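Asks: Sharing a structure below in structure tokens format, with a few things to ask.
In the UniProt record's numbering, the protein residues as written are 1 to 503.
Right, here's the structure in full:
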């Protein structure tokens, strides 16, 4: 456990702290990369494995959905059975699943491997920040967490570019092979260099995990297959009805259980409800739009995978530039106006894209929409975690952070399912014009979702007060660790977004 003794040596990263930063940073980079690295590889995967639109959706959603529903369960497993042990276990599962994905002989095998990848990430990621916080002296945690956030943000920003470059110059399989040697190197190093710790009093909410896992799977399955099988078909109706019922049972469980995964009492706070609703809707619009636009840039605009990844950087990379500014703005005027304006800009950017999109649209015409959307993302990410933490007591920060991270991933999975469903109903892959015809209404839906997120942001407290509890050391428990789940979905931002949890 890291402590602050007040000596000069505590102000420098040495030995165990450096190892913890390197190991957790590289692990989080891999998990974050695998959210968006696949987007620019989808056309090649479709051509090579013969997947339908529904299969491409599951190639993305199998990872995000399993990550979302198992995130808090993974953190609890680490607390109960050993954080280093479970971190290594999750890393091993993730690495093995990456190899299986690269070796997939067909689309079904690839989807299954992606789901197992998500399981590994869900076990591994909640523990990265816990292990890092415990190893770093309190006086240097801000710097260490800033580096950690920057590394993870770089993974998200560069995901489409790395995926496109590997697909174009080697093969799409290498977006997964990339993880294997890194994972094999990290596993023994983690066993040697990371300290073990537990929280024996923690409990596992297995019923809650099963309810939300089955419920979300049913809903996403119905959305993905609705166009192919029909909205009134038995499998789709069964998925919607059963999934909704199971999610309802999960809510009831969260109200009545003594120690639920997600205490529903937290949603009585208007600010907590607002930031989580905004997060879910923002990721719904963002992930669904990236899923389609990454394919549009290749299949319609005619760019190579590498060129498509480069052309998405003004959107995916902008948060790295804007986040420090938005953090300063949030400190000065409060998080609510910064988040609301950021979401409004993101909605404007997506709406702009939908308005100008055509089969022969130039990149110069697309660029303003990409930049505006990227600025909006950057304005959202930095203050979001700070605002989230200001809505709950220190004792609830771990669950609050885990809830928000899980809802971001759920929003991403729903976004791919919903926007792809609109795309399939209005267009398809038959021709560049058909692809454009399907993408335009889907982008309008994405823009509307993010605009609704901006409305929910108005529920946030105007000037959240800093709690002194945020400035104290942590015990390395789940309260800090669960926030690591922000990384895969969120273009984790340097510094400001992480400070409220980790200091």
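Idealized CB from N, CA, C, for every residue including glycine.
Please read these numbers as outputs of a predicted model, since none were measured by experiment.
For residue 173, name the three-state secondary structure that DSSP assigns.
Replies: The answer is coil: DSSP assigns residue 173 none of H, G, I, E or B.
Asks: If we require 3 or more residues per run, which beta strand (DSSP E) segments fall completely within the stretch 149–216?
Replies: Correct list: empty.
Asks: Kindly indicate which residue of 276, 134, 238 and 307 has the alpha-carbon position closest to the one of residue 455.
Replies: Nearest of 276, 134, 238 and 307 to residue 455, Cα basis: 276.
Asks: Should residue 297 be listed as close to the ligand COA, given that the test is whether its C-beta is under 8 Å from any heavy atom?
Replies: The ligand content of the structure shown is nil, which means the ligand COA is not present either.
Asks: Please report the distance separating the alpha-carbon of residue 402 from that of residue 50.
Replies: Distance between the alpha carbons of residue 402 and residue 50: 37 Å.
Asks: Helix, strand or coil for residue 269? Go by DSSP, reduced to three states.
Replies: Residue 269: coil per DSSP, three-state reduction.
Asks: Would you tell me roughly how many angstroms separate the C-alpha atoms of residue 344 and residue 232, rounded to the nearest one?
Replies: Going by the C-alpha atoms only, they are around 35 Å apart.
Asks: Give, in chain order, every unbroken run of the beta strand (DSSP E) that is at least 3 residues long and sits entirely within the stretch 320–367.
Replies: Counting only runs of 3 or more, we get nothing.
Asks: Applying the criterion that 16 or more other CB atoms from any shown protein chain within 10 Å of the CB defines a buried residue, is residue 191 buried or exposed?
Replies: Flag for residue 191 reads exposed.
Asks: So, does the stretch 108–119 touch the stretch 259–270, judging by three or more C-beta pairs under 8 Å?
Replies: No, the stretch 108–119 is not in contact with the stretch 259–270.
Asks: How many angstroms separate the CA atom of residue 16 from the CA atom of residue 70?
Replies: For residue 16 and residue 70, the distance between alpha carbons rounds to 29 Å.
Asks: Going by the beta-carbon positions, is the gap between residue 336 and residue 184 smaller than 9 Å?
Replies: No; because the gap between Cβ atoms is not below 9 Å, this pair is not in contact.
Asks: Note down, in chain order, each residue of its chain lying with its Cβ closer than 6 Å to the Cβ of residue 351, except the 5 sequence neighbours on either side.
Replies: 447.
Asks: With distances taken Cα to Cα, identify the nearest neighbour of residue 383 among 254, 111 and 279.
Replies: If we check each option's Cα against that of residue 383, 279 comes out closest.
Asks: Can the beta-carbon of residue 214 be found less than 9 Å from the beta-carbon of residue 242?
Replies: In contact: residue 214 and residue 242 (Cβ atoms closer than 9 Å).
Asks: State buried or exposed for residue 57, treating a residue as buried only when at least 16 other CB atoms are found within 10 Å of its CB.
Replies: Counting Cβ neighbours within 10 Å, residue 57 comes out buried, since at least 16 surround it.
Asks: Would you mind sorting residue 417 into buried or exposed? The rule is 16 or more other CB atoms within 10 Å of its CB.
Replies: Buried: at least 16 other Cβ atoms inside 10 Å.
Asks: Is it true that the CB of residue 282 sits closer than 9 Å to the CB of residue 453?
Replies: Yes, the pair counts as a contact, with Cβ atoms nearer than the cut-off.
Asks: Assuming residue 415 and residue 297 make a contact with CB atoms under 8 Å, what is their CB distance in whole Å?
Replies: Not quite, the Cβ-Cβ distance comes to about 18 Å (not below 8 Å), so this is no contact.
Asks: Find out if the Cβ-Cβ distance for the pair residue 134, residue 83 is shorter than 9 Å.
Replies: Yes. Within cutoff.
Asks: Residue 249 to residue 377, Cα distance in whole Å?
Replies: Their backbone Cα atoms lie some 33 Å apart in a straight line.
Asks: Leaving aside the five residues before and after residue 67 along the sequence, list all residues of the same chain whose C-beta is less than 7 Å from its C-beta, in chain order.
Replies: Closer than 7 Å at the Cβ level, and outside the excluded window around residue 67, lie 118, 121, 122, 409 and 488.
Asks: Can you tell me which of the three DSSP states residue 276 falls into?
Replies: Residue state, collapsed to three classes: helix.
Asks: Assign residue 47 to buried or exposed, taking buried as 16 or more other Cβ atoms, counted over all protein chains shown, within 10 Å of its Cβ.
Replies: Answer is exposed; the Cβ neighbour count stays below 16.
Asks: The alpha helix (DSSP H) spanning residue 63 covers which residue range?
Replies: First-last of the alpha helix (DSSP H) with residue 63: 53–81.
Asks: With the cut-off set at 9 Å, would you say residue 194 and residue 23 are in Cβ contact?
Replies: In contact: residue 194 and residue 23 (Cβ atoms closer than 9 Å).
Asks: Identify, in the order they occur along the chain, each residue of the same chain with its Cβ nearer than 6 Å to the Cβ of residue 18, setting aside the five sequence neighbours on each side.
Replies: No residues qualify anywhere along the chain.
Asks: Can you tell which of 89, 308 and 60 has the C-alpha that lies nearest to the C-alpha of residue 187?
Replies: Cα-wise, what sits closest to residue 187 is 89.
Asks: Put residue 303 into one of helix, strand or coil per three-state DSSP.
Replies: The answer is coil: DSSP assigns residue 303 none of H, G, I, E or B.
Asks: Of the choices 324, 291 and 367, whose alpha-carbon is the least far from that of residue 423?
Replies: Selected option, being the one with the closest Cα: 291.
Asks: Around the C-beta of residue 458, are 16 or more other C-beta atoms found within 10 angstroms, so that it is buried, or is it exposed?
Replies: Residue 458 is exposed by the Cβ-count criterion.
Asks: What does the alpha-carbon distance come out to for the pair residue 306 and residue 439?
Replies: Distance between the alpha carbons of residue 306 and residue 439 is about 21 Å.
Asks: Taking 9 Å as the cut-off, decide whether the C-beta atoms of residue 20 and residue 132 are in contact.
Replies: Yes, the Cβ-Cβ distance between residue 20 and residue 132 is below 9 Å.
Asks: Tell me the DSSP secondary structure of residue 428 in three-state form.
Replies: Coil at residue 428, not helix or strand.
Asks: Assuming residue 48 is part of the alpha helix (DSSP H), what are its boundary residues?
Replies: Counting along the chain, the alpha helix (DSSP H) containing residue 48 begins and ends at 42–49.
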